[in-house]
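Presented below is the structure to which this report refers.
Protein chains: 2
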Amino acid sequence: MPNVLTVISPSTELLHRAQRVRRGAVDLAQCSDVQRAAALEAMAVALERHGDAVVTANTLDQQAAAREGLAAPLLARLKLDGAKLADCIQGLRQVAALPDPVGRRQLHRELAAGLELERVTVPIGVLGVVFESRPDAVIQIAALAIRSGNGAILKGGREARNTCQAVVTALQEGLASCSVDPDSLDLLTSREEIMALLQLDGLVDLIVPRGSNAFVRHIQENTHIPVLGHADGVCHLYVDQRVNVDMAVAVALDAKTQYPAACNAIETLLVHRRSAQRFLPPAIQAFTAAGVTLRGDEQAMALGVPEAATPEDWGHEYLDLTLAVRVVEDLEAALEHIRRYGSRHTDVICTEDETAAARFLDTVDSAGVFHNCSSRFADGFRYGFGAEVGISTQTVPPRGPVGLEGLVTYRYRLRGHGHTVAPFACGDQRFSHRDLLET
Amino acid sequence: MPNVLTVISPSTELLHRAQRVRRGAVDLAQCSDVQRAAALEAMAVALERHGDAVVTANTLDQQAAAREGLAAPLLARLKLDGAKLADCIQGLRQVAALPDPVGRRQLHRELAAGLELERVTVPIGVLGVVFESRPDAVIQIAALAIRSGNGAILKGGREARNTCQAVVTALQEGLASCSVDPDSLDLLTSREEIMALLQLDGLVDLIVPRGSNAFVRHIQENTHIPVLGHADGVCHLYVDQRVNVDMAVAVALDAKTQYPAACNAIETLLVHRRSAQRFLPPAIQAFTAAGVTLRGDEQAMALGVPEAATPEDWGHEYLDLTLAVRVVEDLEAALEHIRRYGSRHTDVICTEDETAAARFLDTVDSAGVFHNCSSRFADGFRYGFGAEVGISTQTVPPRGPVGLEGLVTYRYRLRGHGHTVAPFACGDQRFSHRDLLET
């Protein structure tokens with residue numbers, strides 16, 4: 001229900017809390033790799049100790065949500081029982097074991113004799129994390145934030161408030177037992193605070209929204225703080241002229257049905273007119289058997305697609321077992337369709353023609369461009385990042401699935417011995433710009 | 001005069017022009033390193049050929065500006081005579097010679113047998129570049145855009161319109177003689193188009209503003225497209241307890257006076273109370289001799305600073321020969337002052353104490369943190385980047401001086417042989433996540 005949110009200035013209390021988190025984050029940024037990993041272990045232990053309290057709080061939230069008639073899928077996402085909590089705790093320990101993204105030297109250069117420049121990765125600062133439902137995501141994002149040296153202000157959905165409170169109490173208790181300031185994490189509980197959080201320029205450095213498309217878009221449109229994430233996931237699969245039909249059918253089926261509610265599931269199938277006759281009949285059979293509703297253009301209908309697509313179907317994100325099908329003139333027409341209707345998330349070509357594949361992978365301007373494999377691989381875990389904050393469809397980095405690496409920035413450090421610019425400006429001294437070897 | 005701008009929706013004509021630039025940029029992104037470097041050479045040759053026309057157009061602009069009573073510093077920035085144009089053309093050839101930022105493989109990983117992931121740098125797409133005055137910046141930014149494979153929609157100040165038109169005509173003619181689509185560059189000429197440009201989400205990927213603080217801030221507050229740049233440059237120099245006074249005076253003097261209008265000049269001098277008595281008298285003498293007005297707190301005044309600072313002086317960007325001076329209790333008080341009043345641009349510590357230097361460089365959350373050298377080194381050329389688009393004070397990358405590297409993003413390419421996610425989800429197959437060696 002993002003439409004009921006309105007712009008609200010931060011209260012003095014919220015400003016104080018945000019300043020406290022920022023101070024906590026400054027201290028956290030000084031912690032070593034070992035200290036931050038130990039903090040995650042302490043958070044895991046505290047969650048184990050408070051497991052019963054968390055599950056009890058979640059039962060309360062579930063009962064209230066059921067009374068209020070929350071839809072079944074949302075109820076399912078709200079649930080945090082003992083088994084799911086154990087998974088979360090295991091995930092937290094996995095994040096602890098990931099390589100440290102902080103303190104990496106990206107550049108080391110002598111500018112002139114005795115004047116050395118370094119570029120070193122540092123935490124971003126304070127994350128503002130806003131969720132709809134999903135109390136398990138609180139644990140995951142808190143783990144990623146602390147591991148990367150960032151403070152976090154968390155705001156869960158109202159329906160999960162007891163659970164979120166129990167979780168954050170446990171996480172803070174864990175932090176209190178080690179060298180990380182418990183103030184590095186804070187939980188907001190009132191609805192007004194979401195919008196106020198978005199106005200905390202200078203105190204919050206990055207907003208991470210997790211929720212529906214409308215929710216994320218609303219967040220993006222109401223803040224000038226950078227937002228990490230994506231609203232739409234309109235992924236395409238294009239079946240080229242020279243195609244292995246069996247492979248293309250299997251890949252398309254997986255890309256649509258393996259988890260249709262995911263942002264990386266395909267929404268539109270584009271088929272080269274010269275392969276339509278071979279590909280569409282078996283594809284229609286397979287999709288129909290899997291319970292997928294197909295909506296096609298005229299040519300697709302002539303080959304058996306039962307329902308007619310309207311112009312609104314192109315670029316529509318169904319997030320369920322519906323798929324739009326369009327027969328295109330050639331590869332260029334497919335590229336044009338994706339340019340027009342795509343959301344720069346992930347797009348796939350199935351082809352045996354390497355030239356066509358190269359053209360597709362070079363031209364489609366999406367975070368992920370895939371050849372002969374399912375769009376569902378677009379995921380931080382599957383890419384080997386260990387965990388992900390989310391998937392970004394922005395053009396500027398971080399783009400695609402974002403892991404710990406996306407939660408750090410960098411800082412230039414320059415060390416001299418009284419160096420001034422004047423002698424370089426007048427030509428008395430010259431820059432050496434000599435890259436220094438790593439030791 | 002940013003306050004007279006109002007939000008204006010893009011006209012159909014502007015949308016068509018932006019779409020044309022985007023198509024040009026898609027083709028440009030396919031060009032090789034050699035082709036893009038050759039395009040810059042062609043742009044340089046065309047500017048040489050049209051040199052007289054550009055200088056004549058600039059004379060017209062200068063005459064009109066003088067009639068309208070444009071302030072002297074703005075008139076100076078507007079000027080583009082033969083000598084300055086020759087410098088610009090030389091700069092263009094230097095950008096041509098810079099290493100290609102496109103097509104770099106940042107990651108190469110086998111996810112499973114036959115399933116290979118790459119992360120490769122690609123151009124961002126289309127830049128929206130907005131200037132106040134400075135027609136020479138049009139040449140520099142156009143060069144950086146084309147070199148990095150990006151299209152650009154340029155909007156210069158009204159006072160430079162004849163010059164900008166002559167420059168862009170020449171640049172497009174240069175592009176027409178080589179393999180880059182001349183539509184990759186476009187020049188907007190009406191005032192309304194600035195604000196409309198800021199609304200071109202999806203057609204423009206990054207806004208690059210170049211102008212006054214108020215101008216940049218106004219741009220930032222009126223677009224949801226990412227903005228590369230900085231509004232304020234409030235740089236501090238902190239003189240620690242254990243300090244080489246001669247060195248600190250020389251560094252502070254350079255940081256303030258070598259070019260006081262620059263964003264990387266210092267605005268506030270913080271002095272440890274234990275070094276104030278040794279440092280301030282010679283510093284005051286040097287600054288006064290250099291024509292700098294000093295405004296100090298009570299303790300600084302007791303040591304000879306002639307004028308009293310008001311609370312408004314802390315965090316104020318003078319951009320001229322004025323400097324605020326504050327005596328602080330210790331390093332921690334200096335850090336707190338910078339946290340409160342700084343703009344995360346560049347801050348300097350002068351100290352002989354390595355522990356204090358390390359604390360400062362680890363803690364101050366600015367794009368540049370310097371030890372015993374002038375803040376004026378915070379610059380793309382001086383860092384060895386060859387050229388810069390601007391300096392960003394945002395926390396998220398790109399941060400600090402931004403060169404070609406800041407004008408590219410990346411794309412994930414995944415190549416398989418019919419791989420689907422289902423067997424990995426059910427545990428029949430496992431990811432190998434094996435990083436592949438560079439060949």
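Protein chains in written order, with UniProt numbering: chain A, 1 to 439; chain B, 1 to 439. Beta carbons are placed, not taken as given, at the ideal position from N, Cα and C, and that holds for glycine. Since this is a predicted model, take the numbers as computed values, not measurements.
Chain-ordered, the chain B residues with CB closer than 7 Å to the CB of A/D365 read G125.
Excluding five sequence positions before and after B/I338, the CB atoms of its chain that fall closer than 7 Å to its own CB belong to H236, D347 and V364, given in chain order. Taking a beta-carbon distance threshold of 9 Å, A/L115 counts as an interface residue toward chain B. Between A/A308 and A/D297, the gap from beta carbon to beta carbon is short of 9 Å. Counting the other CB atoms within 10 Å of its CB gives B/D205 a total of 16 or more, which places it among the buried residues. Contacts between A/A196 and chain B, judged by CB atoms closer than 9 Å, are missing: the closest CB pair is about 18 Å apart. Given a length threshold of 3 residues, each whole run of the beta strand (DSSP E) inside the segment 274-331 of chain B is given here in chain order: 293-296 and 322-328. Of all residues in the segment 401-417 of chain B, only T409, Y410, R411, Y412, R413, L414, R415, G416 and H417 come within less than 7 Å of chain A when Cβ atoms are compared, listed by chain position.
Using a Cβ distance threshold of 9 Å, A/A261 and A/P99 do not count as a contacting pair.
Sequence-distant partners of B/D27 (beyond 5 residues in either direction) whose C-beta falls short of 6 Å from its own C-beta, in its chain, are D181. B/L270 has its alpha-carbon roughly 14 Å from the corresponding atom of B/P281. Taking a beta-carbon distance threshold of 9 Å, A/R376 counts as an interface residue toward chain B.
Contact note: A/A387 does not reach chain B at a C-beta cutoff of 8 Å; the least C-beta distance is about 13 Å.
Looking at the backbone, the Cα of B/H50 and that of B/G82 are separated by about 11 Å. Per DSSP, A/F377 has no beta bridge partner at all. Put simply, of A/I266, A/M195 and A/T310 the residue whose alpha carbon is nearest the alpha carbon of A/L319 is A/I266. Under the three-state reduction of DSSP output, A/P423 falls in the helix class.
Listed in chain order, the positions of the segment 134-150 of chain B with a beta carbon within less than 9 Å of a beta carbon of chain A would be empty, since no residue qualifies. Look at the segment 210-244 of chain A: the residues with a C-beta under 8 Å from a C-beta of chain B are Q220, E221, H224, P226 and N244.
With fewer than 16 other Cβ atoms inside 10 Å of its own Cβ, B/R434 counts as exposed. Within 10 angstroms of the beta-carbon of B/R430 lie fewer than 16 other beta-carbons, which makes it exposed. Listed along chain B is no residue with a C-beta nearer than 8 Å to that of A/Q35; the closest approach is about 14 Å. Taking each of B/T257, B/R104, B/V55 and B/L15 in turn and checking the Cα distance to B/D186, the smallest one comes out for B/L15. Comparing alpha-carbon positions, the option among B/G403, B/Q241, B/L331 and B/N264 lying closest to B/V234 turns out to be B/N264. At a C-beta separation below 8 Å, B/A76 has no neighbours in chain A, since its nearest C-beta there lies roughly 18 Å away. Spanning the alpha carbons of B/K79 and B/A333 requires a straight line of approximately 45 Å. For A/I194, the secondary structure class from DSSP, reduced to helix, strand or coil, is helix. DSSP, read as helix, strand or coil, puts A/I124 in coil. Linking B/S11 to B/L127 through their CA atoms gives a straight-line distance of about 19 Å. Every alpha helix (DSSP H) stretch that sits fully inside the segment 194-240 of chain B and reaches 4 residues is listed by chain position as 213-221. DSSP assignment within the segment 130-199 of chain A yields the following whole beta strand (DSSP E) runs of 3 residues or more, N-terminal first: 151-155 and 185-188. Put simply, the CB of B/D353 is far from chain A, with every gap to its CB atoms at 9 Å or more. Within the DSSP secondary-structure output, A/C350 pairs in a beta bridge with A/V239. According to the DSSP assignment, A/V389 belongs to no beta strand (DSSP E), since it is labelled neither H nor E.
Contact of A/Y259 with chain B is assigned, a C-beta pair being separated by under 9 Å.
For the pair A/T310 and A/G342, the Cα-to-Cα distance works out to about 17 Å.
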